[in-house]
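As they're listed, the protein sequences go chains A and B. Under our numbering, the residue at position 311 of the first sequence is numbered 968, and the numbers go up by one with no gaps. Under our numbering, the residue at position 61 of the second sequence is numbered 718, and the numbers go up by one with no gaps. Ideal Cβ placement from N, Cα and C applies to all residues, glycine included. Keep in mind the model is a prediction, meaning the values are calculated, not measured.
2 protein chains.
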Amino acid sequence: MGTAVKGKAVIGQSGGPTPVINQSLAGVIEEARKNSPIASLWGALHGIKGMLEGDYVDLLGESPDRLRRVAETPGAALGSVRFKPKKKHVEQLFESFRKRDIRYFFYIGGNDSAETAHIVNQVAKDADYELRIFHIPKTVDNDLLENDHCPGYGSAARYVASAVMGNDLDCRALPGVKIDIIMGRHAGFLTAASVLGRTRPDDGPHLVYVPEKVFDTEQFKKDVAAVVSKLGRCFVAASEGVEDAEGNPIGAQEGVKDSHGNVQLSGSGALGDYLADLARDELGEKTRVRSDTYGYAQRSFPGFASPVDATEAREAGRWAVRYAMAGDIDGSVSIRRVSDSPYEVDYPLVELANVAAGTKKLPEDYIDPDGNNVLETYKDYALPFVGELPTAERLAMKRAE
Amino acid sequence: MGTAVKGKAVIGQSGGPTPVINQSLAGVIEEARKNSPIASLWGALHGIKGMLEGDYVDLLGESPDRLRRVAETPGAALGSVRFKPKKKHVEQLFESFRKRDIRYFFYIGGNDSAETAHIVNQVAKDADYELRIFHIPKTVDNDLLENDHCPGYGSAARYVASAVMGNDLDCRALPGVKIDIIMGRHAGFLTAASVLGRTRPDDGPHLVYVPEKVFDTEQFKKDVAAVVSKLGRCFVAASEGVEDAEGNPIGAQEGVKDSHGNVQLSGSGALGDYLADLARDELGEKTRVRSDTYGYAQRSFPGFASPVDATEAREAGRWAVRYAMAGDIDGSVSIRRVSDSPYEVDYPLVELANVAAGTKKLPEDYIDPDGNNVLETYKDYALPFVGELPTAERLAMKRAE
């Protein structure tokens, strides 16, 4: 620890955008304005790529009013990047920082970004150059270690929960089997959010499949048939990343192919189509079966962010600057739940290496032992930061004859 | 014309639900409560199906508070149906109405529903039985004749415009080609809504393809390449119903198949995948190309209805009852624009047969002569009933070096 050094600061955004990643950017800018050691704050266009190419914009000159509106805009205002730097890139980056007297490096992103920050950090330390490096968490997948939950997840979860509510109402109106595929290759958090709007015993989703559990196609058919036989319809939410016992993505082995003959999975409707075919096989062609694959709207739908998520993302940005000013040298700002009731979090600084080390899975406690549903206990975890959902009311349905 | 007869009224909902179809139901119930000739109002479960099976619920007993919440809930509260009745069904239906002394028949739906109402009407007239039949328009496709626009479209358009805004921001953050497929097999109205959030010259969608124009795959590739060369990225909005010069759905002829070997189009991601492959062919594998196929969220997303659309849907329901009470025998409630500024509509009663007769297309005036975009003039038409959209702000982007 030491007091704050005078110098330039740079900030970048990395990985898939979220509805609140610009809140974190705004938080850093706001807090940097208050702190004189930060002589200027440069935004790198498209993250590490902009840093390597010297592509920077001035951020301290942004008007507060514009910044408020930018903060409420989904997508990464500075541009984002998917790029894992190699050793030579990190050295280039460090040299460019040293040349420009850059002393602060803020990086908003997922665990890859935490790892990048961690590596840059090592190089700076080896060169005995004082560079303060702070990672600000962001991911709709909610899979960062050391965090109760991640900025971005609450808003994406609010979209997913709402979209599922609407789709379930549609499926009630025109009954049949509906299968909705939700983002999350390795962690089932976003798919779990599908249950947040479930308030009545016959509300969907009736079946929920996450990558944490082996997906068995024969069991799936039986599950769907059982729900249809009970309720006359069945709403299924499944993660794009569901796999069989051998770790193969579901649908791939059956040869669902695009027009080039390539096996396609995520980013296409193939998994949904495949599961729909399984349901048709089981229930016959007379059953109405439909599938939807939720796309990038999950991480980008505007005007629908969770207010709590927006506040937390903003705070995470502010805390990164506060830690830097307090003399911390490096770390990742995290979200820790301090109290459930009333809901309260704080933002401790944790080791970059710990966040970079891996990814978090949906805890077993939230998954039905049968592997085909998410339990109500998950709602206690998520609703406080997902916030209020639209309501869905039904008619009293008093029989007329 | 004659004064209102005493008797029972029935109401049903038909076809694909919308976010405001329950507003029309609530409008009918509210207005029926005020009018003593309507002794009781029965809701048929799943439209004509419930009427044929005598499956009714009492609606006048619904509490106003519950009804307010039902009105704001997407999906069809009574259940919907996709069922085109044959002559024998219509006769059965009429007999069941006569047996129960049903004198009013309100049917909320698209042009198929108007046609059903029209046929039932003929049978009643032939039998000299006074049955007052009113169709209340509803369709996210906006393709009903005799209407300036249709209840349901404004809310679906608001969802599409917003989803496109978010997706375009995502595509700006991680540049490449993004192709979003939007509902509309025969009419391009919903796809046209993709341009509503476009406010800056480089905002997407940069290319818009509707079923009203022949889709040429070679021209598509050139169009995309031209935009990428100018902007470094390209955002495409395309209707699920685009066709080639011979009227074949795009993608089908290239053998995009599901796991059963069946050619799949709508309801799958096949068209988006196919267009993405065309873009990759043209631009090379290094270009990031993604596609999304918007699903039933377009017609069911909760908590996001256009307030104007909600009001108009409610009014359309109220007017159906008012016309019935005023002594009109039959007709379809329509929306007519009386004034552009200030925006004002009224709800004239039009002939059932005229609404049943066909479907409306997106007017040529709104389509770029090159066939690859929707013109700004469309916004003047749609924005008044779509209502306010989320805002998207950018940083001032003052270069730092």
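Among the options, which one has its Cα closest to the Cα of residue i?
i	options	result
A:Asp930	A:Val662, A:Lys835, A:Gln749 and A:Ala661	A:Lys835
B:Phe958	A:Arg739, A:Phe763, A:Val821 and A:Ile668	A:Val821
B:Ser925	A:Ala733, A:Gly952, A:Gly941 and A:Thr796	A:Gly952
B:Ile759	B:Pro1041, B:Arg789 and B:Gly736	B:Arg789
A:Val965	A:Gly809, A:His775 and A:Gln749	A:Gly809
A:Leu1052	B:Arg726, B:Ala933, B:Ala1057 and B:Gln876	B:Arg726
A:Val777	A:Lys744, A:Gly767, A:Thr796 and A:Ala661	A:Lys744
A:Ala774	A:Arg857, A:Ser996 and A:Glu1008	A:Glu1008
B:Lys782	B:Lys795, B:Asp798 and B:Val747	B:Val747
B:Lys879	B:Leu932, B:Glu1045, B:Asp860 and B:Ser896	B:Leu932
B:Ser671	B:Ala728, B:Pro721, B:Glu729 and B:Lys741	B:Lys741
A:Asp715	A:Ala1049, A:Gly984, A:Val885 and A:Leu702	A:Leu702
B:Glu803	B:Thr1016, B:Asn1029, B:Asp1022 and B:Asn679	B:Thr1016
From the DSSP output, read off the bridge partner residues of residue i.
i	result
B:Pro906	B:Glu900
B:Ser697	B:Lys665
B:Leu864	B:Val893
A:His792	A:Tyr764 and A:Ser989
A:Lys835	A:Phe892 and A:Arg947
B:Glu1001	B:Ser996
B:Val714	A:Arg1056 and B:Gly700
B:Ile759	B:Lys665
DSSP on residue i, reduced to helix/strand/coil?
i	result
A:Leu650	Only positions 658 to 1058 of chain A appear in the structure, and residue 650 of chain A is not among them; the question remains open.
A:Ser1059	For chain A, the structure presents residues 658 to 1058; residue 1059 of chain A sits outside this window and is missing.
B:Leu853	coil
B:Leu1006	strand
B:Arg993	strand
B:Asp785	coil
A:Pro1026	coil
B:Leu724	helix
A:Gly912	For A:Gly912, the predicted structure reports a pLDDT of 44, less than 50, and the residue's modelled location is therefore unreliable. The matter cannot be settled from this model.
A:Tyr1038	helix
A:Thr730	coil
B:Ala769	Checking the sequence, you will find Asp at residue 769 of chain B rather than Ala. Helix.
B:Thr1016	strand
B:Glu719	coil
B:Glu1058	coil
A:Lys870	coil
A:Ser963	coil
B:Val1031	strand
A:Leu801	strand
B:Thr660	coil
B:Glu687	helix
B:Asn1011	helix
A:Met840	coil
Give me the chain B residues within the contact set of residue i, using Cβ-Cβ distance strictly less than 8 Å, ordered along the chain.
i	result
A:Asp715	Lys1055, Arg1056 and Ala1057
A:Pro674	Leu826, Asp827, Ala830 and Leu831
A:Gly707	What A:Gly707 touches in chain B: nothing, since even the nearest Cβ is about 10 Å away.
Run through chain A and tell me which residues come within less than 8 Å of residue i, C-beta to C-beta.
i	result
B:Arg829	Gly732 and Gly736
B:Arg726	Thr1048 and Glu1050
Thinking residue i and residue j are a contact (beta carbons under 8 Å), I'd like their distance in whole angstroms, please.
i	j	result
B:Arg947	B:Arg890	With a Cβ gap of about 11 Å, B:Arg947 and B:Arg890 do not count as contacting.
A:Leu831	B:Ser770	The pair is not a contact, with the Cβ atoms about 14 Å apart (cut-off 8 Å).
B:Ile668	B:Leu682	7 Å
A:Lys1055	B:Gly718	6 Å
B:Ala844	B:Leu1032	B:Ala844 to B:Leu1032, Cβ: 16 Å. No contact.
A:Val817	A:Ala850	4 Å
A:Gly664	A:Tyr761	7 Å
Could you work out which residues of chain B lie near residue i, taking near to mean beta carbons separated by less than 7 Å?
i	result
A:Val1043	Simply none; closest approach about 13 Å.
A:Met822	Pro959
A:Ser925	Gly926 and Asp930
How would you list, in chain order, the residues of chain B whose beta-carbon sits under 9 Å from the beta-carbon of residue i?
i	result
A:Asp949	Gly924, Thr950, Tyr951, Gly952, Tyr953 and Ala954
A:Ser819	Ala954, Phe958, Pro959, Gly960 and Phe961
Under 9 Å between beta-carbons, which chain A residues line up against residue i? List them in chain order, please.
i	result
B:Gly766	Under the 9 Å cutoff, chain A gives no residues; its nearest Cβ is about 12 Å from B:Gly766.
B:Trp699	Ala1057 and Glu1058
Cβ closer than 7 Å: which chain A residues qualify as neighbours of residue i?
i	result
B:Glu719	Leu1052 and Ala1053
B:Arg723	Glu1050 and Ala1053
B:Gly711	Glu1058
(request) Would you list, in chain order, the members of the segment 736-757 of chain B that have their beta-carbon closer than 7 Å to a beta-carbon of chain D? (result) Protein chains in the displayed structure are A and B, and chain D is not among them.
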